[in-house]
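Per the working numbering, the very first residue in the sequence shown carries number 39; after that it's consecutive.
Ideal placement from N, C-alpha and C gives every residue a C-beta, glycine not left out.
Owing to the predicted nature of the structure, the values given are computational and were not obtained by experimental measurement.
Report on the following structure.
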Amino acid sequence: MDSKRVRQILSSSADIDVTYNGVSVWIDELHEDGQKATVHLRGPLEERTEVDIRELKEE
39 MDSKRVRQIL SSSADIDVTY NGVSVWIDEL HEDGQKATVH LRGPLEERTE VDIRELKEE
């Protein structure tokens, strides 16, 4: 995924399905460098992880 699409997803009110390594995640923020994002798993766990946005997939 590219930074433009990450920004679109973050600004959208729609529920857009995004995965990281095959696991459904929410994107919390795009970092200033435009290459990394903070995400967390969908569900009860709120553990946040920094990932390379190229590894995010829109389903």
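- Here DSSP, grouped into helix, strand and coil, assigns residue 70 to coil.
- The alpha carbon of residue 80 has as its nearest neighbour, out of 89, 64, 71, the alpha carbon of 64.
- In the structure shown, the three-state DSSP call for residue 54 is coil.
- Within the same chain, 75, 76 come within 7 Å of residue 67 by CB-CB distance, once the 5 residues on both sides are set aside.
- Here the C-alpha atom of residue 58 lies approximately 8 Å from the C-alpha atom of residue 89.
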